[in-house]
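Student: This is the structure I want to talk about, given as structure tokens.
Written out as structure tokens, the structure reads:
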């Protein structure tokens, strides 16, 4: 089986090293301290840039660093600070260049003040620590009403709770998962759906951390699909483990929900990363094979980028995750471009409602949120008249 994140690891390392060298050049080396101080500081910055590779080599994998929780939090804070300070320094350098081009010596002198770049470093570190704290927080609840044309009257007011991107790990451990489960159960939904990336790591490493997911309660049960991260660590074993926790796992398949003789179809597809492992790619046509053609379809699709194609096949509501909402205000625009133009919240796509959740948790390799809170989402379905009906 292909090693997890084989392609992404070198790319992330190269980007990290470039940013680290820039930070060393523009922040560390100009400091008025001895070389004996600047040298180790520069090496520390480079180590932060490469920490994914270092940890993956000696303790677990990039997807699942098997090191103490506090160590993950420290590395995540430092890595986030590195990204932020690189952005801050770049902005300062662009402003300095513009001041020179526009012949504004006073502005240029102000931008060259000796304390300005160290202050940017301190601010970035503070934001990095704050961001990881927010990333580890128990998610807040978001309530969303969704109108569906032709929804059977029996499902008017039906409540679906979505969890996604739980990422149970050495950072977000069983205690945290238990709190998420308790908060979800307190909302008393009719149905719970989980749209992928439940775990990071092997079944053996994470069994205790995900055990409380078996305590999720809803009259119509718990329905789950895979995300990309399940493929990075024992996909087949995890599918079996999730079913052992009482979940209905959809792999290009569907299940009907029946209420007072009326039907609602819940369909779920796999993740495109399956191709790396010789496993079935997402196939909505297969997922809907044999489904009631008159039933409204809710699709669980970990990634949002196929929303238009899914809408064309008659899906009324698509629930997705994967983006983590973009992690940080501003960075969300980059994440949006990589996901078909969708990053967070509600979208109307050719008559279909798409909702992209910020997710409950985060991958330990980039575990920060700034201005993009985690969430547990509760959808209340509302009936509207079908097109053309009187």
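Numbering (this note's numbering), first residue to last: 2 to 391. For each residue, glycine too, the CB sits at the ideal point set by N, CA and C. Just so it is clear, the structure is predicted and the values come from calculations on it, not from any experiment.
Which class does residue 328 belong to by DSSP, given the choice of helix, strand or coil?
Tutor: If DSSP states are grouped into helix, strand and coil, residue 328 belongs with coil.
Student: Give the range of the alpha helix (DSSP H) segment to which residue 367 is assigned.
Tutor: Run containing residue 367: none; DSSP gives neither H nor E here.
Student: So within the stretch 276 to 319, which uninterrupted beta strand (DSSP E) runs reach at least 3 residues, ignoring any that extend past its ends?
Tutor: Segments of the beta strand (DSSP E) lying fully in the stretch 276 to 319: 297 to 301.
Student: Distance check for residue 103 and residue 324, CA to CA, integer angstroms please.
Tutor: Straight-line Cα distance between these residues: approximately 40 angstroms.
Student: Look at the alpha carbon of residue 178 and the alpha carbon of residue 362, and state the distance between them as a whole number of angstroms.
Tutor: Cα to Cα, the separation comes out at about 9 angstroms.
Student: Closest by CA to residue 265, which one among 182, 92, 317?
Tutor: Of 182, 92, 317, the residue nearest in Cα terms is 317.
Student: Any idea what DSSP makes of residue 323, helix, strand or coil?
Tutor: The answer is coil: DSSP assigns residue 323 none of H, G, I, E or B.
Student: Please classify residue 264: does DSSP put it in a helix, a strand, or coil?
Tutor: Residue 264: strand per DSSP, three-state reduction.
Student: How would you label residue 231, buried or exposed, when you count the other beta carbons within 10 angstroms and need 16 or more for buried?
Tutor: Burial call: buried.
Student: To the nearest angstrom, report how far apart residue 378 and residue 359 are at their CA atoms.
Tutor: Cα to Cα, the separation comes out at about 9 angstroms.
Student: Rounded to whole angstroms, what is the Cα-Cα separation between residue 141 and residue 98?
Tutor: Going from the Cα of residue 141 to the Cα of residue 98 covers about 43 angstroms.
Student: Of all the alpha helix (DSSP H) runs that stay within the bounds of the stretch 168 to 205, which reach a length of 4 or more residues?
Tutor: Runs found: 175 to 187.
Student: How long is the line joining the alpha carbons of residue 126 and residue 68, rounded to whole angstroms?
Tutor: One C-alpha to the other measures close to 22 angstroms.
Student: Counting C-beta neighbours from all protein chains within 10 Å, is the total for residue 166 16 or more, i.e. buried, or is it exposed?
Tutor: Looking at its Cβ environment, which holds 16 or more other Cβ atoms inside 10 Å, residue 166 is buried.
Student: Which one or two residues does DSSP pair with residue 146 in a beta bridge?
Tutor: DSSP output for residue 146 lists 381 as bridge partner(s).
Student: Cβ of residue 346 versus every heavy atom of the ligand PLP: is any distance shorter than 7 angstroms?
Tutor: As far as ligands go, the structure on display features none, and thus does not contain the ligand PLP.
Student: Using beta-carbon positions only, say whether residue 267 and residue 225 come within less than 8 angstroms of one another.
Tutor: Their beta carbons are not under 8 angstroms apart, which means residue 267 does not touch residue 225 by this criterion.
Student: In whole angstroms, what is the alpha-carbon distance linking residue 3 and residue 280?
Tutor: Residue confidence is low: residue 3 scores 43 on pLDDT, short of 50, so the model does not pin down where it sits. Its coordinate-derived value is still stated next. Looking at the two C-alpha atoms, the distance is approximately 12 angstroms.
Student: Using three-state DSSP, classify residue 216 as helix, strand or coil.
Tutor: Helix.
Student: Starting from the C-beta of residue 148, find all residues in its chain whose C-beta is less than 6 angstroms away, skip the five residues before and the five after it, and write them out in chain order.
Tutor: Excluding positions up to five away in sequence, the list reads 383, 385.
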